[in-house]
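Notes follow once the structure below has been shown.
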Amino acid sequence: MIQYKSKLCRNRNNPDIIEKIQTVSQKIDQEINRFLRNRENKNLKNENTKYRYIGNILKPKNIEFPVLIDNNNDIAYTNDQKADLFANTFLANHQPSQQQFTNNKSISPSKFTQQSNNNNINPLPIPQLKSKLHYINISPPDIYHILTHLKPKTNVSSDMIPEIFLKNCDLSLSYPLSYIFNFILMSGSVPEIWKTALVCPIPKKTSRYPKDYRPISLLSPVSKVFEQIIYRYLINHCNNNNIFPDSQHGFRVNRSVTTQLIETYNDLAISIETKKSCDIVYFDFSKAFDSISHSILLDKLETLLGIQGSLLNIFKDYLTNRHYKVKIKDSYSKIIPVTSGVPQGSILGPTLFLIYLSDLPEFCRTPNITCKLFADDLKIYKIGESNDINFSQNIQDFIHKLTNYCEINSLKINPEKSNLLHLGNKNPKSDYFILDTRIIPNPQNEPVRDLGVYFTKELKWDKHINIITRKAYNTLFSIIRNIKSNNSIVLIQLYKTYIRSILDFASSVYNTHFRKDIDKLENIQKTYLKIVYRRSKPYTDLPTYSELLQLYQLDSLEFRRLKADLILFHKYLHGTAIIRNNNFIKIVETRTRGDLFKIQQTQSYYTHAANNSFFIRAFNKYKQLPEYIKKASNFNFPKLLQQQDHLLKTIYNL
């Protein structure tokens with residue numbers, strides 16, 4: 001057809017021919033659109049290709065790297081040159097190799113050290129652990145359970161064994177892998193090929209400078225199966241011995257971004273309620289995961305956790321002599337040694353990082369200072385009277401201890417990226433310094449980003465909602481613009497995955513009761529459903545929003561936030577969501593007939609911030625639930641809420 005059009009174009013001066021050209025062009029466009037739609041539908045209907053297809057639209061992975069410029073203004077043209085440039089740039093994130101840290105040093109990095117008044121480090125007696133960990137026995141059923149839950153991915157790694165092979169041969173591989181893994185544990189030596197990572201640079205933003213790219217490591221799937229078994233024993237050992245501080249919410253069961261931010265919001269709301277001042281300092285660690293000293297980490301594993309014997313030898317060998325090479329298309333960089341940091345993309349990496357920082361809160365403990373951690377995101381705050389002469393001194397003392405801790409543990413704080421937020425009308429707005437660099441306060445009336453949620457000094461959520469709705473609209477129109485399908489099932493699935501998830505994130509922190517904010521959030525879903533309906537049924541009248549919700553079996557976003565509050569509150573009552581409630585409510589377990597818990601609000605609050613806090617808001621909603629729902633287990637509670645939508649909408653007038 002295209003050839004026929006080309007033939008017609010040779011005589012395009014003829015009026016009759018022009019009309020034929022237009023007709024043929026329309027048919028070509030129709031066929032192209034049909035081809036694209038069929039290819040799209042094929043990708044979207046296949047679970048293995050759907051998310052990769054959409055991901056390439058929203059965040060393309062097949063990156064065309066521009067010509068790159070290094071620090072000396074030299075230019076990298078070829079893929080080989082670019083790969084070597086990236087490899088050298090990522091190498092700068094790591095610390096130089098250090099000697100093994102021993103316990104007879106004058107400064108011990110363990111958490112059982114503290115600063116005395118003369119700023120010396122006084123080692124304290126190491127308390128007795130409930131148990132020590134020196135050996136792990138791996139059985140074929142352990143491996144089979146992990147292999148069956150692998151994703152069928154055809155990923156690339158240094159050993160060229162994809163996950164789909166392990167998954168499809170799960171039963172056959174369970175016994176030989178158990179033999180190999182147990183031999184590795186007894187010998188204390190990890191295969192060298194497992195310690196080489198393929199690194200793919202991902203741009204943080206469009207740039208010609210390699211420092212603006214993030215390294216993503218691809219590790220051997222077999223090594224990750226081995227790590228997953230070690231992880232189970234290690235995390236159980238840490239939890240049994242209370243290694244992790246309560247202030248750490250990252251990578252931990254029953255804790256999350258939401259639990260940490262609820263605790264923070266509660267404290268800040270009380271400061272506003274009591275008309276006190278509060279200063280919050282947000283610290284930025286420079287390349288924290290890549291800066292960890294292997295020798296100090298091994299020392300902490302031995303002295304702090306009681307890791308001994310062959311298992312300690314495994315960790316030593318696992319961390320040392322690691323390498324990486326950067327991959328750009330079919331080109332590879334030279335092999336670069338990794339001299340510090342936990343292996344990126346590994347199963348054990350996040351837990352090893354938590355162990356490394358587990359002594360930070362105790363080391364830096366300062367009167368009247370609250371410390372909050374989420375992995376390497378650290379913030380501290382103090383709530384007090386504005387005329388307190390020690391108001392700013394306590395925070396500065398913590399900063400001095402933190403800089404000392406970082407020096408001992410080979411970490412660096414970036415003062416330029418650290419932040420400061422002042423709360424309270426009479427706040428003295430003191431200055432704070434990291435070494436000799438002043439921490440720049442957050443600009444007036446600008447929100448500060450805390451783990452993806454934007455806080456203002458008034459603890460209002462309008463600016464956070466403006467930001468996430470703008471992001472959701474950008475994603476919405478990107479999907480609508482690039483996806484031609486009129487299949488409503490596919491389009492609703494995409495909405496749930498890529499748009500609604502933006503609005504649902506940490507909703508129990510920011511759940512607002514202002515109608516203008518509720519409507520602003522709801523309009524995103526309303527807009528998308530209208531577009532979907534127009535695509536799938538273009539010649540029918542548009543139903544109302546409530547009818548669209550019923551047609552596509554969706555809840556309103558307001559109702560989803562309500563259910564998220566109720567589910568989290570129920571988990572809190574049953575101990576599967578760890579949140580400090582700051583005495584907002586009093587809970588007494590009872591054995592009498594009726595509710596399992598007697599819950600009381602401890603006092604009345606007068607400010608908007610306190611009355612809209614999670615515990616006050618969720619408690620007032622939770623107490624209206626029927627008794628049989630409140631008595632449900634954590635597993636059944638969400639199901640009962642889902643089954644009783646009509647009841648809940650009647651109770652809460654939604």
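The opening residue of the sequence shown carries number 1 in the UniProt record's numbering; numbering runs sequentially from there. Beta carbons: idealized from backbone N, C-alpha and C, even for Gly.
- Put G384 into one of helix, strand or coil per three-state DSSP. In the sequence shown, counting from the first residue as 1, residue 384 sits at position 384. Note: G384 maps to strand in three-state DSSP.
- Message: Restricting to runs no shorter than 3 residues, where is the beta strand (DSSP E) found entirely within the segment 552-625?
- Response: 585-589 and 597-601
- What's the C-alpha gap between S386 and K426? Stepping through the sequence shown from its first residue, residue 386 is reached at position 386. Stepping through the sequence shown from its first residue, residue 426 is reached at position 426. So the two alpha carbons sit approximately 6 Å from each other.
- Task: Examine the Cβ distances between the segment 522-538 and the segment 456-466 and report whether three or more of them are shorter than 8 Å.
- Result: Fewer than three pairs of CB atoms, one per stretch, sit closer than 8 Å, so the segment 522-538 makes no contact with the segment 456-466.
- Could you please give me the residues that DSSP links to V342 through a beta bridge? For this step, residue 342 is matched to residue 342 along the sequence shown. DSSP output for V342 lists no bridge partner at all.
- For R580, count neighbouring Cβ atoms within 10 angstroms of its own Cβ and tell me buried if that reaches 16, exposed if not. For this step, residue 580 is matched to residue 580 along the sequence shown. Under this definition R580 is an exposed residue.
- Query: When you compare each of P162, R34, V67 and Y324 to F90 by their alpha carbons, which one comes out closest?
  - Reply: In the sequence shown, residue 90 corresponds to position 90, counting from 1. Comparing Cα-Cα distances from F90 to each of P162, R34, V67 and Y324, the minimum goes to Y324.
- Beta bridge counterpart(s) of D517 as assigned by DSSP: Position 517 of the sequence shown, counting from 1, holds the residue named residue 517. According to DSSP, D517 bridges with nothing at all.
- Under 8 Å by Cβ, that's how I've got residue 675 and K401 pegged, so tell me the actual separation to the nearest angstrom. In the structure displayed, the chain extends from 1 to 654; residue 675 sits before or after that span and is not available.
- Going by beta carbon distance, what residues of the same chain come within less than 6 Å of N118, once the five residues before and after it are set aside? Translated into the one-based positions of the sequence shown, residue 118 becomes position 118. Note that N118 scores 41 on pLDDT, short of 50, meaning its location in the model is unreliable and no value can be drawn from it.
- Item | For F374, the residue or residues it bridges with in DSSP | Taking the first residue of the sequence shown as position 1, residue 374 is located at position 374. Partner(s): D377.
- Query: Could you give the distance in angstroms between the alpha-carbon of N612 and the alpha-carbon of N241?
  - Reply: Numbered from its first residue, the sequence shown carries residue 612 at position 612. Numbered from its first residue, the sequence shown carries residue 241 at position 241. Answer to the nearest angstrom: the Cα atoms are 36 Å apart.
- Query: Which of helix, strand or coil does DSSP assign to R37?
  - Reply: In the sequence shown, the residue the question calls residue 37 occupies position 37. The answer is helix: DSSP assigns R37 an H, G or I state.
- CB of I216 within 8 Å of CB of G345, strictly: Position 216 of the sequence shown, counting from 1, holds the residue named residue 216. Position 345 of the sequence shown, counting from 1, holds the residue named residue 345. Yes; because the gap between Cβ atoms is below 8 Å, this pair is in contact.
- Query: If you drop the 5 nearest sequence neighbours on each side, which residues of the same chain put their C-beta closer than 6 Å to that of L150?
  - Reply: Position 150 of the sequence shown holds residue 150. Cβ neighbours of L150 beyond the five flanking positions: E163, L166 and K167.
- Item | Residues bridged to L198 (per DSSP) | Here the question's residue 198 lines up with position 198 in the sequence shown. Bridge partners of L198: L218 and K325.
- Message: Tell me the rounded alpha-carbon separation between V257 and T469.
- Response: Residue 257 sits at position 257 when you count from the first residue of the sequence shown. Residue 469 sits at position 469 when you count from the first residue of the sequence shown. For V257 and T469, the distance between alpha carbons rounds to 20 Å.
- Task: Kindly identify the DSSP beta-bridge partner or partners of Y135.
- Result: What you label residue 135 is simply residue 135 of the sequence shown in a count that begins at 1. Under the DSSP definition of a beta bridge, Y135 lacks any partner.
- By a C-beta neighbour count over all protein chains shown, 10 Å radius and 16 as the cutoff for buried, is F289 buried or exposed? In the sequence shown, the residue the question calls residue 289 occupies position 289. Buried, since its Cβ has 16 or more Cβ neighbours within 10 Å.
- Task: Leaving aside the five residues before and after D317 along the sequence, list all residues of the same chain whose C-beta is less than 7 Å from its C-beta, in chain order.
- Result: Translated into the one-based positions of the sequence shown, residue 317 becomes position 317. So the list reads G188, S189 and V190, once near-sequence residues are dropped.
- Item | Three-state secondary structure (DSSP) of F65 | Working through the sequence shown from its first residue, we reach residue 65 at position 65. Coil at F65, not helix or strand.
- Query: Where does T437 fall in DSSP's three states?
  - Reply: Along the sequence shown, one-based indexing puts residue 437 at 437. If DSSP states are grouped into helix, strand and coil, T437 belongs with the strands.
- Item | Chain-order list of residues whose beta-carbon lies under 7 Å from that of T102 (same chain, five-residue window excluded) | On the sequence shown, position 102 is the one that residue 102 refers to. Low local confidence applies: a pLDDT of 40 at T102 is under 50, so the model's placement there is unreliable, and no value is given.
- Task: Tell me whether Y432 sits in a helix, a strand or coil according to DSSP, three-state version.
- Result: The sequence position of residue 432 within the sequence shown is 432, counting from 1. If DSSP states are grouped into helix, strand and coil, Y432 belongs with coil.
- Does DSSP classify H94 as helix, strand or coil? The count along the sequence shown starts at 1 and reaches residue 94 at position 94. Residue state, collapsed to three classes: coil.
- Coil, strand or helix - L641 by DSSP: Against the sequence shown, residue 641 aligns to sequence position 641. L641: helix per DSSP, three-state reduction.
- Item | Beta-carbon separation (whole angstroms), I355 vs L305, contact threshold 8 Å | What you label residue 355 is simply residue 355 of the sequence shown in a count that begins at 1. What you label residue 305 is simply residue 305 of the sequence shown in a count that begins at 1. Confirmed, Cβ separation roughly 7 Å.
- Relative to the alpha-carbon of L373, which residue among K471, D388, Y233 and Q248 has its alpha-carbon at the smallest distance? The residue labelled residue 373 in the question sits at position 373 within the sequence shown. Comparing Cα positions, the closest option is Q248.
- Selected residue, minimal CA-CA separation from Q550, among P538, Y533, R561 and L566: Residue 550 sits at position 550 when you count from the first residue of the sequence shown. That would be Y533, whose Cα lies nearest to the Cα of Q550.
- Query: Just reading off the beta strand (DSSP E) that I280 is part of, what are its end residues?
  - Reply: Your numbering for residue 280 matches position 280 in the sequence shown. S277 to F283 is the span of the beta strand (DSSP E), which, as asked, contains I280.
- Item | Other residues of its chain near K105: CB distance less than 7 Å, five sequence neighbours each side excluded | Indexing the sequence shown from 1 puts residue 105 at position 105. Residue placement at K105 is poorly supported in this model, since its pLDDT is 37, which falls under 50; the coordinates still yield a value, given next. Same-chain partners within the cutoff: there are none.
- Query: For the candidate residues A92, A83 and D246, whose alpha-carbon lies nearest to that of I578?
  - Reply: Residue mapping note: residue 578 aligns to position 578 of the sequence shown, counting from 1. Ranking A92, A83 and D246 by Cα distance to I578 puts D246 first.
- Message: Using the three-state DSSP reduction, which class does V190 fall into: helix, strand or coil?
- Response: Taking the first residue of the sequence shown as position 1, residue 190 is located at position 190. Reduced to three states, the DSSP call for V190 is coil.
- Comparing alpha-carbon positions, which option in S158, F637, R52 and F226 lies nearest N137? Locating residue 137 in the sequence shown gives position 137, where the first residue counts as 1. If we check each option's Cα against that of N137, F226 comes out closest.
- Message: For T475, which residues in the same chain have their Cβ closer than 6 Å to its Cβ, ignoring the five residues on either side in sequence?
- Response: Within the sequence shown, residue 475 is the residue found at index 475, counting from 1. Counting only Cβ-Cβ distances below 6 Å, and skipping sequence neighbours, we find Y498 and I499.
- Message: Quick check on this structure: which residue in T259, T49, I229 and Y545 has the alpha carbon closest to the alpha carbon of N582?
- Response: As a working mapping, residue 582 is identified with position 582 in the sequence shown. The shortest Cα separation from N582 among T259, T49, I229 and Y545 belongs to T259.
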